[in-house]
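*Asks:* Attaching a single structure in structure tokens format; questions to follow.
Number of protein chains: 2
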Amino acid sequence: MGLSRIDIAMADKTVTYPTGFKAAGAHIGLKKNGKSDLAILASENLCTAAGCFTQNIVKAAPVTWDMELLSRNKPVKAIVINSGNANACTGNKGHEDCETMAERTSWEFKCSKEEILVCSTGVIGVNLPMDIMKSGISETADLLGSDEEHGVACAEAIMTTDTYMKTAACEVTIGGKIVRFGGMAKGSGMIHPNMATMLGFVTTDCAITGELLQKALTECVDSTFNMITVDGDSSTNDTAIILANGMANNKIVDDEAGEDYRIFKFALRAITKKLAVDIARDGEGATKLMEVTVNGAKTYEDAKKIARSVTGSSLFKAALFGEDANWGRVLCAMGYSGGYFDPNGVNLSFRSYGNKWAEGVLLMKDGAPVKLDEKQAKIVLKEKEIFIDIQLNDGHASATAWGCDLTYDYVKINGDYRS
Amino acid sequence: MGLSRIDIAMADKTVTYPTGFKAAGAHIGLKKNGKSDLAILASENLCTAAGCFTQNIVKAAPVTWDMELLSRNKPVKAIVINSGNANACTGNKGHEDCETMAERTSWEFKCSKEEILVCSTGVIGVNLPMDIMKSGISETADLLGSDEEHGVACAEAIMTTDTYMKTAACEVTIGGKIVRFGGMAKGSGMIHPNMATMLGFVTTDCAITGELLQKALTECVDSTFNMITVDGDSSTNDTAIILANGMANNKIVDDEAGEDYRIFKFALRAITKKLAVDIARDGEGATKLMEVTVNGAKTYEDAKKIARSVTGSSLFKAALFGEDANWGRVLCAMGYSGGYFDPNGVNLSFRSYGNKWAEGVLLMKDGAPVKLDEKQAKIVLKEKEIFIDIQLNDGHASATAWGCDLTYDYVKINGDYRS
């Protein structure tokens, strides 16, 4: 018996889409440009929570706070998130400030500070202005609301160099009950696998055990957030958190082998994938999204390493920006990826929507170059979404990674980020 | 008893500086811009030879040719090197063409084709125009000469996007005899540790065993060529070769523990370091050289990983271009390097020549930020050579790595390299 089809309805909504979540975003004064810089996301009741965090050994204060809290398997009431300051490399003062943020937020919900998660993103190495934070948390909490508008305000307040907000939402049926998911994320520099997104948040009203919630999040992050790269820099603050408040009233998802968990993970992956691809597309200075798919690898690990290496090559990223079909750089990046393949068995093609070569432009067949039709290649590379299809003919494993081009604007944005 | 001081006289010379070497460079028609594209480097007598090659599993045809030849420990007569075409990802035809290059060159020296090493650099995935190669090899061999002028012509012919030629030379006394070294190298994109230089060549008239020659080269490459990065892309063609023809008439260097070998390695490292730093300085589009030194690491491997990671960070490279003292990005890159350190023990400072702060601008002390004097930092960062000094306070190991800034011109050069 094969697996049954899963019906999923994607929606153009945000973190307030599932039942029982409230959100707010406001400008409290951390950013000089007057844009929103504080967000609060809260649930009416206490949530089961799970998280994935940066592998960087330099961890921002809020990352260590959240890791400690989630390791105790206690419920979570709300998340407070500031942009404009990462609270990373800030010494002991940074840890005290993070705890103060949790405490001040807990006062608004009349709960324990250990029920508040904290996230920060922005400049590294500068202590938070705590007078602004304290009053700002209170002012922002006063704005909380459960409608779409509040979800949007919340998603906007976590942005830094992002050019647009990143949200995702969907609805599935689990155990006869309608279950909803909402998500938001921010990029768009210091983006590289190993908890690639700087910040990603998912809400759901599904009832699910903490153990399965963590398992599903870890697996979905591994094949989505951890498969994107913008610049190869894994940040000090990368965090993905999911809150599940159980208000869909489904029978609790507690069987890893069951259909309910399969649907849950399918829906969660749809959310994390949408957010991850949006981060890659909106990479700092990016003009093009690339999706690299490796098929026919010996193992999944090989496929992952090869796909990620191609999306991370500065040389190929620059060629993509120049719309130059310099496919030798793809082979080069595959070769230093650390993933196994036989160079003599490689087929390689470039593809895009919006052109008549649905199967793409073949560049290499069985490891040897195919005469390149430059005109055809130009038409493909002019598009905004480029698909790099790699067939290794070594086995049956596949992986997909996402990235963007390397542009003048990436250099401009990062040449003087602090001012 | 301590080790005695080694007297070394650096010279502004090239590969023809040691006795008995001839060189030539010419334009034979591979490059569209009319610049030199074929080089031949030969010795009057047969040489002991050693090489280090790219770790990329996609290896260009000439790399596999040279690796095979050197693995047999047979002597070498000459090296033929073309620029403008990498002969990589070129299928079986590429291997045939490489062998033909060796054979045609061997005719000029009336030697076996197995005594000829071959190197190629340039565009990947295009077969060499062999009619041009065949006549070009013969024409270039006719130009061979042993003076400085010929060494310069040879060094110029191996350049691709390099903005200046890279050469080094020195003289030391080994066993009472004057021994000379000459070197040349090319960058300047696809430069990343794991045999970082695309091409580097050293000549010496020292008599030395093949075993010690390989050992010295491997060690020197490890701490020089393998410690530079321009863009994180390890090329398919990276090669470093040393030819030793013994014409200095010194007693053969054959004792690894002896003073002669110590002097030999000291001189060789001076050559490879000069060439490696020149490659980093002339990285594609680069305006600044960065030298990152990690002191106080637990192990040499930790120090290496941390230093290399900082030189490789796109974010920090862009900040350097913008002369922005964004030191948080240094900490971030240290943190994801894979090298061990305690973030709470780090001291960090930026330093340059040409300013009065000989000890540099201190940015972090014991893992906590130091109030930044922006004016002082600007003066340091305006210079062309920036030294990043990292003290980990974890142990006694040190390592140094070199890199460059990330600029608009890097994107420009690589956005349309092939045309």
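Protein chains in written order, with the working numbering: chain D, 4 to 422; chain U, 4 to 422. Backbone N, C-alpha and C define an ideal beta-carbon position, used for all residues, glycine too. Just so you know, these numbers come straight off a predicted model, no measurement behind them.
Which chain D residues sit within Cβ distance under 8 Å of isoleucine 231/U?
*Replies:* Correct list: empty, because the minimum Cβ distance to chain D is about 15 Å.
*Asks:* Just the chain D side, please: which residues come within less than 7 Å of alanine 371/U by C-beta, in chain order?
*Replies:* In chain order: Gly94.
*Asks:* So what's alanine 64/U in DSSP terms, helix, strand or just coil?
*Replies:* Helix, per DSSP.
*Asks:* How do the stretch 49-58 of chain D and the stretch 154-171 of chain D stand: do at least 3 beta-carbon pairs fall below 8 Å, yes or no?
*Replies:* No: the two stretches stay apart, fewer than three of their Cβ pairs being nearer than 8 Å.
*Asks:* Can you pull out the residues from the stretch 113-147 of chain U whose beta carbon lies closer than 8 Å to at least one beta carbon of chain D?
*Replies:* Under the 8 Å Cβ criterion, the stretch 113-147 of chain U contributes Val126, Ile127, Gly128, Val129, Asn130.
*Asks:* Taking buried to mean at least 16 other C-beta atoms within 10 Å of its own C-beta, is alanine 300/U buried or exposed?
*Replies:* Under this definition alanine 300/U is a buried residue.
*Asks:* Hey, how far is the Cα of glycine 344/D from the Cα of alanine 156/D?
*Replies:* In the sequence under discussion, the amino acid at residue 344/D is phenylalanine, which differs from the glycine named in the question. C-alpha separation (whole angstroms): 47 Å.
*Asks:* Exposed or buried, which one is alanine 423/U when buried takes at least 16 other CB atoms within 10 Å?
*Replies:* The structure shown does not extend to residue 423/U, since chain U is modelled only from 4 through 422, so no value can be given for it.
*Asks:* Taking only three categories from DSSP, how would you classify alanine 91/D?
*Replies:* Three-state result, alanine 91/D: coil.
*Asks:* What does tryptophan 68/D reach in chain U if we use C-beta pairs closer than 7 Å?
*Replies:* Near tryptophan 68/D there are no residues of chain U at all, since even the closest Cβ is about 16 Å away, more than 7 Å.
*Asks:* Within 10 angstroms of its Cβ, does glutamate 287/U collect 16 or more other Cβ (buried), or is it exposed?
*Replies:* The residue is buried, with at least 16 neighbouring Cβ atoms inside 10 Å.
*Asks:* Given that aspartate 100/D touches chain U, what residues does it touch there, using C-beta distances under 7 Å?
*Replies:* Here the premise fails: no neighbours, minimum Cβ distance about 13 Å.
*Asks:* Residues of the stretch 335-346 of chain D in Cβ contact with chain U at a cutoff of 7 Å, in chain order, please.
*Replies:* Result list: Cys335, Ala336, Met337, Gly338, Tyr339, Pro346.
*Asks:* Counting Cβ pairs closer than 8 Å, one from the stretch 129-147 of chain U and one from the stretch 35-47 of chain U, do we hit at least three?
*Replies:* With a cut-off of 8 Å, the stretch 35-47 of chain U and the stretch 129-147 of chain U count as touching, because enough Cβ pairs lie within range.
*Asks:* Mind listing which residues of the stretch 144-169 of chain D have their C-beta closer than 7 Å to chain U's C-betas, in chain order?
*Replies:* Within the stretch 144-169 of chain D, no residue has a Cβ that lies closer than 7 Å to any Cβ of chain U.
*Asks:* Between which residues of its own chain and glycine 338/U is the CB-CB distance below 8 Å, once the five residues before and five after are set aside?
*Replies:* Here the set comprises Pro346.
*Asks:* Just the Cα atoms here: how many angstroms apart are methionine 198/U and lysine 169/U?
*Replies:* Per-residue confidence for methionine 198/U stands at a pLDDT of 42, beneath the threshold of 50, marking its modelled position as unreliable; the derived number appears in the next sentence. For methionine 198/U and lysine 169/U, the distance between alpha carbons rounds to 17 Å.
*Asks:* Name the two residues that bound the continuous alpha helix (DSSP H) containing isoleucine 274/U.
*Replies:* Segment 262-284, the alpha helix (DSSP H) holding isoleucine 274/U.
*Asks:* On the criterion of 16 or more Cβ atoms from any shown chain inside 10 Å, does tyrosine 356/U qualify as buried, or is it exposed?
*Replies:* Looking at its Cβ environment, which holds fewer than 16 other Cβ atoms inside 10 Å, tyrosine 356/U is exposed.
*Asks:* Using beta carbons (cut-off 9 Å, strictly below), is serine 422/D in contact with chain U?
*Replies:* At serine 422/D, the pLDDT of 47 sits below 50, so the modelled position is not reliable; the number obtained from the coordinates is stated separately. Yes, its Cβ sits closer than 9 Å to a Cβ of chain U.
*Asks:* Straight-line CA distance for aspartate 69/D to threonine 103/D?
*Replies:* Their backbone Cα atoms lie some 14 Å apart in a straight line.
*Asks:* Label histidine 153/D either buried or exposed according to how many other C-beta atoms from any shown protein chain fall within 10 Å of its C-beta, with 16 as the threshold for buried.
*Replies:* Looking at its Cβ environment, which holds 16 or more other Cβ atoms inside 10 Å, histidine 153/D is buried.
*Asks:* Taking glutamate 151/U as the reference, which of Asp208/U, Lys25/U, Gln58/U, Asp376/U has the closest Cα?
*Replies:* Of Asp208/U, Lys25/U, Gln58/U, Asp376/U, the residue nearest in Cα terms is Lys25/U.
*Asks:* CB-CB under 6 Å to glycine 178/D, same chain, minus the five flanking residues each way: which ones, in chain order?
*Replies:* Here the set comprises Asn253, Lys254, Asp263.
*Asks:* Mapping DSSP to helix, strand and coil, what is asparagine 329/D?
*Replies:* Three-state DSSP puts asparagine 329/D in coil, outside helix and strand.
*Asks:* So for glutamate 386/U, helix, strand or coil by DSSP?
*Replies:* Coil, per DSSP.
*Asks:* Between the beta-carbon of serine 340/U and the beta-carbon of lysine 308/U, is there less than 9 Å?
*Replies:* Yes, they are a contact pair.
*Asks:* Pick helix, strand or coil for glycine 178/U, following the three-state DSSP scheme.
*Replies:* Correct three-state label for glycine 178/U: coil.
*Asks:* Determine the DSSP secondary structure at serine 422/U, reduced to helix, strand or coil.
*Replies:* Since pLDDT at serine 422/U reaches only 47, below the 50 mark, its modelled position is unreliable, and no value is offered.
*Asks:* Please compile the residues from chain U whose C-beta is within a distance smaller than 7 Å of the C-beta of valine 61/D.
*Replies:* Within chain U, the residues near valine 61/D are Leu334, Cys335, Met337, Gly338, Pro346.
*Asks:* Buried or exposed for leucine 246/U, please, with buried defined as at least 16 other CB atoms from any protein chain shown within 10 angstroms of its CB.
*Replies:* By the 10 Å Cβ count, leucine 246/U comes out buried.
*Asks:* What three-state label does DSSP hand threonine 232/D in the structure shown?
*Replies:* Coil, per DSSP.
*Asks:* How would you call leucine 409/D, buried or exposed, if buried means at least 16 neighbouring beta carbons within 10 angstroms?
*Replies:* It counts as buried.
*Asks:* Go ahead and label serine 7/U buried or exposed: buried means 16 or more other beta carbons lie within 10 angstroms of its beta carbon, across all protein chains shown.
*Replies:* So serine 7/U ends up on the exposed side.
*Asks:* What are the partner residues of cysteine 173/U, as DSSP defines its beta bridges?
*Replies:* According to DSSP, which records beta bridges pairwise, cysteine 173/U is partnered with Met13/U, Phe184/U.
*Asks:* If the cut is a Cβ gap below 7 Å, which residues of chain U does threonine 410/D touch?
*Replies:* Here the neighbours are Val414.
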